[in-house]
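Numbering (mature numbering (1 follows the signal peptide of the UniProt record, and there is no 0)), first residue to last: -23 to -1, 1 to 150.
For reference, the structure discussed in these notes is given below.
In structure tokens, the structure reads:
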């Protein structure tokens, strides 16, 4: 769970950095219609495959892989909905989806490696995925329909951020 939290935090920082870079300095790639990384796509592809894959850890490897792929498909559906609603471009969604998929893949890989060293005491197992699944699903429920504070702040203060960045560029050092 610590591995996922660290990887997920890096993903959140990347999404926030892209928002700030776009709002403050106008960083974008016009040829790809890319301005910011889709946070919804990153969140979904980091959480769903990891949660579904870890919930199947006691199953056969094929079942684990299918659960992970089902999570990726759910995340892809969320990304497609962002494009269809006109909230993100395809490039923004693909970037967020790939970032989240990388997070999920790294987490599941680390969990698979450490599963060899699993030990149990009574009913408690050091690699029980239930707490992770509960926290991850709670994160999805809590975040559903919410705008991240960085996004809200940037949306309401975009002109000030732009003016601040212009002032920084003009000031002699």
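Where is the CB? At the ideal position from N, CA and C, for every residue including glycine.
Quiz item: With a Cβ-Cβ cutoff of 8 Å, do residue 39 and residue 13 count as a contact?
Solution: Translated into the one-based positions of the chain shown, residue 39 becomes position 62. Translated into the one-based positions of the chain shown, residue 13 becomes position 36. Not closer than 8 Å, so no.
Self-check item: Secondary structure, alpha helix (DSSP H): runs of 4+ residues fully inside the region 30 to 90
Solution: Counting only runs of 4+ residues, the alpha helix (DSSP H) found wholly inside the region 30 to 90 occupies 38 to 61, in chain order.
Quiz prompt | Exposure label - residue 118; buried when at least 16 CB within 10 Å | solution = By 1-based counting over the chain shown, the position of residue 118 is 141. The residue is exposed, with fewer than 16 neighbouring Cβ atoms inside 10 Å.
Quiz item: In terms of residues, what are the limits of the alpha helix (DSSP H) holding residue 6?
Solution: Position 29 of the chain shown, counted from the first residue, corresponds to residue 6. Run containing residue 6: none; DSSP gives neither H nor E here.
Exercise. Note down, in chain order, each residue of its chain lying with its Cβ closer than 6 Å to the Cβ of residue 43, except the 5 sequence neighbours on either side.
Key: If you number the chain shown from 1, residue 43 lands on position 66. No residues qualify anywhere along the chain.
Quiz prompt | Short Cβ contact (8 Å threshold) for residue 68 with residue 11 | solution = Counted from its first residue, the chain shown places residue 68 at position 91. Counted from its first residue, the chain shown places residue 11 at position 34. With respect to the 8 Å criterion, residue 68 and residue 11 are classified as neighbours on the basis of their beta carbons.
Quiz item: Could you give the C-beta distance for residue 113 and residue 28, rounded to a whole number, given that I count them as a contact under 8 Å?
Solution: Translated into the one-based positions of the chain shown, residue 113 becomes position 136. Translated into the one-based positions of the chain shown, residue 28 becomes position 51. That pair is a contact at about 4 Å.
Self-check item: Interface flag, residue 108 vs chain D, CB-CB below 8 Å
Solution: The structure shown contains no chain D, having only a single protein chain.
Quiz item: By how many angstroms is the C-alpha of residue -1 removed from the C-alpha of residue 7?
Solution: Residue 7 sits at position 30 when you count from the first residue of the chain shown. Residue -1 sits at position 23 when you count from the first residue of the chain shown. Computed Cα separation, rounded: 15 Å.
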